[in-house]
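Take a look at the structure below.
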Amino acid sequence: MPRFANVYWSPDYRTSIEKLTKQLVRSLGQLHELRKLIFHHIKYHHANGEFLAEFAHSSYDKDSNFRSFKELNEAKHVSRLRNISELTPEEFDLKYVFTKFVERTATELHSQLALASEIDGAVLDKLTEFIKHHEPQINVILSHFEELFQDYETSYEKIENLKLEYDTLLRLAEFKIDEIADGEKAGVDATKDEMPDVTGPSIEPIRPVEISLPPPSTDSANQSFDEIDIRKSDDFGFTFPLTIASGLHFENLEELADFLTALTRSIEVTKRKIPIPGRTNELFSSVQICDHFTKERPRGFNPTRSNLEKLGQNLMNLKIIVGTSFFAKKFTSDGMWFEWSDKVMRVVQGKPVSTETAPVSLPSQMTKIRLDDTQKFVNDMAASTSKTFNGMFKSMKTSLMRPKHGEDGIRIVEANYNEAYEELQRSKHLLDMEIYDKSQYFEHFEKLKIEVIFQSLTKLLEVIYKHSLQSTTSMHDFTLRFIEEYNKQENYNREFHNTVKNFSSGIYFPSFIAPDYLTRDNVSISQLNTNFQNIKLGFNLYKDIPLQLKVSDLVPPIASHPLNVRSIPIFLYEIVNHLNNLDTDIQSYWFAPIKHQEYWLVKYEIINMVQEFVPQDGLNVHDHNAVESAIILKVISVLKDKDASKIVNFLKNWLLEISDSIIPSTVYDSLINIYKRGNNSGADTTLEIDRVLRTIPRSNLSSVIHILEHISKVFDLNSVQSGTKEDLVEGIIRKLNLMEAIGTVPFVHLILRPSVVKNATGFKPPTVEYDAILSDLANIDVRSNLQSSLIESETKFLEKQEQKAKNLGLAKKHALPAIVTRTTAEKPDVEITPDTPRTPPRIVSAPKAKSPNPNLGADNFELRPFRTGTTPRPSPSSSPVHQKKKSMDVNLMPRSPSGNNLLVPKVEIKFEG
């Protein structure tokens with residue numbers, strides 16, 4: 012019987028959670044409908060048959076949760092209950108028993124109050140208690156699911172943004188800061204030359220003008236300077252007494268100045284990124300104002316949203332705060348930005364606004380006002396304005412042209428990425444564990460629900476039969492049928508199986524796919540699992556098998572290795588060999604379910620180790636293989652220190668989390684179709700398997716053979732010959748693919764999976780075909796054929812590479828003044844004839860392109876470089892070119908990927924092997 016914890020999974024998580032939620036809502040709806048049915052049945056005894064007939068119809072309407080999916084999806088046109096013969100199924104499910112009971116209820120005509128009372132106590136109360144106990148818990152769990160999924164989705168979006176920001180900073184760092192500085196200086200000088208001289212002779216001097224004033228009044232003549240200053244205290248534009256809000260009342264300018272001083276100091280300001288002429292660079296938000304008056308609440312002020320917005324509007328009306336937007340006329344508690352007005356700053360500094368007002372003279376001195384000072388003021392103001400604008404443009408240009416990137420910025424983004432990646436993994440882990448834990452409770456609830464529905468209906472009929480001495484024989488037979496045929500454990504199991512079949516999304520499929528996958532138009536397989544454990548070094552342990560570091564690429568190289576293992580990822584090769592060399596019996600570990608908590612602890616340790624990895628002295632940071640080899644060997648050493656059970660558990664999860672399965676998804680349909688046709692003999696099937704697997708990359712084929720050889724050794728399958736397929740299916744093979752325990756997945760699912768993009772909403776494996784596939788792959792004849800195919804492919808590949816090298820005329824090597832990392836090719840442990848070419852050694856260099864030699868001869872032949880564009884064109888993030896071109900240090904960053912299009916002269920090349 013399937014377990015909820017195994018079958019409610021989908022790579023996007025959204026689908027599995029939605030389906031699980033729909034199922035639970037449906038189950039609760041069934042319980043509520045059953046409770047409604049029983050309650051109405053009690054009322055039935057107080058009504059007549061006509062009411063009961065109408066009630067029976069309403070209890071099983073067209074939207075009933077008891078209807079099958081086919082009925083719900085069809086055009087819902089149900090006028091009356093169908094005939095019993097039309098509803099009779101081959102199996103007794105909930106829909107059938109429910110509809111049978113509703114139909115029987117429609118024929119009941121007699122009612123008894125005593126019977127209604129007993130039904131209420133024996134059936135309805137227990138059902139209500141069951142619903143009250145489980146429904147709140149289910150609602151809380153579903154809400155928690157939604158919160159965890161939102162955290163996971165937010166973490167996913169955050170890490171995508173950080174990757175984009177990191178790539179942007181890396182591209183910007185290619186430009187030289189010295190060139191920016193030279194351009195900045197030239198731009199500032201040009202700006203200074205283009206600015207007109209405002210202080211020049213274009214301003215016509217203002218001639219003195221004499222204005223006669225009327226004689227002052229006697230009252231004005233008697234006023235002192237102090238009285239004038241007191242009367243002018245409203246030069247700031249305030250009228251006292253002043254009330255801003257309830258609890259904010261000021262009698263004079265001094266009280267207002269104290270209040271504004273405290274307000275400006277308590278509210279933190281944010282610097283404007285781009286200075287705007289005539290505006291201050293210090294901003295604050297409406298949220299900060301509301302928070303201040305909420306925490307520092309004045310006496311008598313109630314900080315409700317309405318009162319806070321009225322207070323803010325009064326501050327705007329009094330010109331205490333000024334909105335940054337031209338249309339900011341109405342204060343709102345969020346989403347607005349302000350700056351302190353000049354009036355407020357002068358009040359805080361003790362300066363009146365009316366600084367341009369003519370000085371007040373005593374009546375005896377106020378005879379004439381000469382405007383001699385006006386000419387000087389205008390000329391000084393013009394000079395000051397010109398100087399201010401020149402400085403402002405220079406400051407803005409310097410600020411805009413100043414590089415915002417560098418090693419510090421990259422390190423900050425890298426640290427943020429590491430933190431976000433850890434948060435993403437933690438969110439995913441919490442979501443996995445929540446689904447595992449709560450799905451077990453849901454499974455228990457679903458079983459109890461089915462039992463409660465069956466038992467409640469049965470108990471109701473028993474009570475009716477007991478108290479209905481006048482019931483007809485048909486009623487008696489109907490009750491016995493419920494007891495003897497419907498209310499059985501086999502019906503419970505059948506209904507439970509059908510429920511899981513209709514609502515489950517699929518088995519565990521832990522591929523990283525965008526949570527909003529269903530809303531996207533295009534999703535490529537290259538976008539899957541491209542997150543790095545170390546983004547600076549471009550290291551990803553879970554990338555696709557052909558992109559993994561192979562045995563032949565290891566730095567330093569392995570002294571000797573057979574030809575059939577040279578394309579195996581070094582991680583898989585070392586881990587499987589370590590398991591083969593253990594004395595411990597690990598059969599039970601392969602049968603055991605996946606332990607997610609144990610895997611997370613080991614994975615967390617490896618993630619921290621990889622993120623903190625620093626290349627040692629002597630390690631060439633340009634050599635991607637050397638750096639990746641160092642990291643891989645550290646990861647392998649960490650795993651080798653663990654118990655065998657933890658190693659096998661980590662290997663299972665690694666096989667599940669890589670971008671594509673060991674047997675690529677491109678051949679999944681071809682393999683499955685071989686067994687679905689069902690008309691091939693054993694020999695034909697073997698040939699078909701060999702034909703299909705020949706098409707996959709060499710690294711994938713060698714990995715498949717390596718893991719199959721390990722399984723054959725662990726379970727002693729090397730002695731199995733053709734013709735014993737049925738014994739394997741009944742024995743070890745069936746047990747490896749069994750999914751009875753919580754957390755188990757079929758072994759074939761570890762090495763063969765369909766496309767994640769096509770199955771993002773969930774995947775249900777064909778268990779019969781999986782058993783047949785594993786039986787054939789474990790057959791020693793099939794494995795021998797695959798070994799032969801692999802060796803043949805490896806030999807042809809080596810011959811082709813050496814032939815290419817000869818055709819390019821690279822037999823004669825030239826020394827280059829660049830950093831060179833050499834990896835000597837190893838001799839394979841297979842017999843190679845003298846005519847068989849050898850793999851040329853790797854020489855990776857980055858010399859500067861030279862002009863072609865016009866005197867082309869036989870010994871100094873050189874290729875002309877192709878014409879390329881001036882703008883760097885980076886490779887896709889998942890391509891091997893991009894991975895190898897990742898720089899280990901910003902200061903040592905190699906040329907942009909567009910340089911790969913140049914065929915430069917005198918370049919030594921090693922072709923991938």
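One gets my numbering by counting positions in the sequence shown from 1 and adding 11 to each. Note that beta-carbon positions come from the ideal geometry of N, C-alpha and C, so glycine has one too. Computed from a prediction, not measured in an experiment: that's the story for all the values here.
- Scanning 800, 615, 714, 450 for the CA closest to the CA of residue 559 turns up 714.
- Per DSSP, the beta-bridge partners of residue 351 are 332.
- A direct Cα-to-Cα measurement between residue 665 and residue 648 gives close to 16 Å.
- Taking all protein chains in view, the Cβ of residue 634 is crowded by 16 or more other Cβ atoms within 10 Å, so the residue is classified as buried.
- Leaving aside the five residues that flank residue 259 on each side, the residues in its chain whose CB is nearer than 8 Å to its CB run, in chain order, 270, 309, 312, 322.
- Under the DSSP assignment, residue 763 falls outside any beta strand (DSSP E); it carries neither an H nor an E label.
- Residue pairing by DSSP places residue 674 opposite 763 in a beta bridge.
- Membership of residue 543 in any beta strand (DSSP E) is not indicated, and neither H nor E is assigned to it by DSSP.
- Residue 656 and residue 134 do not touch by the CB rule: their CB atoms are close to 50 Å apart, not below 8 Å.
- Under the 8 Å Cβ criterion, the region 166 to 173 does not count as touching the region 32 to 39, having fewer than three qualifying pairs.
- Using a Cβ distance threshold of 9 Å, residue 496 and residue 159 do not count as a contacting pair.
- With fewer than 16 other Cβ atoms from the protein chains shown falling within 10 Å of its own Cβ, residue 62 counts as exposed.
- Counting along the chain, residue 50 sits inside the alpha helix (DSSP H) bounded by residues 25 to 55.
- Non-local C-beta neighbours of residue 685 in its own chain, meaning closer than 8 Å and more than five positions away in sequence, comprise 691, 696, 699, 700, 703, ordered along the chain.
- Pairing residue 330 with residue 296 gives a Cβ-Cβ distance that is not under 9 Å.
- Straight through space, the alpha carbons of residue 597 and residue 658 are spaced by roughly 10 Å.
- Of all C-beta pairs linking the region 705 to 722 to the region 782 to 797, three or more are shorter than 8 Å, placing the two stretches in contact.
- Residues 15 of the same chain have their beta carbon placed closer than 6 Å to that of residue 453, with the five preceding and five following residues left out of the count.
- Our two residues, residue 508 and residue 13, have alpha carbons roughly 8 Å apart in a direct line.
- Only buried fits residue 755, as 16 or more other CB atoms lie within 10 angstroms of its CB.
- Burial is judged here by how many other beta carbons sit within 10 angstroms of a residue's own beta carbon; residue 422 has fewer than 16 and is exposed.
- Contact between the region 568 to 588 and the region 801 to 821 is present, with at least three C-beta pairs closer than 8 Å.
- Sequence-distant Cβ neighbours of residue 77 in its own chain, meaning closer than 8 Å and more than five residues away, are 41, 44, 71, 105, 106, 109, 110.
- In this structure residue 556 touches residue 711 by the C-beta definition: roughly 5 Å separates them, less than 8 Å.
- Judged by DSSP in its simplified three-state form, residue 420 adopts helix.
- Here the region 770 to 786 makes contact with the region 19 to 26; the two share three or more CB pairs at distances below 8 Å.
- Shown here, residue 255 sits in a strand according to DSSP, grouped into three states.
- When the beta-carbon positions are compared, residue 293 and residue 350 come within less than 9 Å of each other.
- Contact between residue 152 and residue 451 is ruled out by a C-beta separation of about 11 Å, above the 8 Å threshold.
- The DSSP-derived three-state label of residue 167 is helix.
- With a 10 Å radius around the Cβ and a threshold of 16 neighbouring Cβ atoms, residue 498 comes out buried.
- Of the candidates 483, 359, 177, 48, the residue whose Cα lies closest to the Cα of residue 418 is 177.
- Take residue 765, set aside five residues on each side of it, and the residues of its chain with a beta-carbon closer than 7 Å to its own are 676, 679, 774, in chain order.
- Looking at the backbone, the Cα of residue 335 and that of residue 348 are separated by about 6 Å.
- In chain order, 557 place their CB closer than 7 Å to the CB of residue 708, counting only its own chain and leaving out the 5 sequence neighbours on each side.
- Between residue 626 and residue 548, the CB-CB gap stays under 9 Å.
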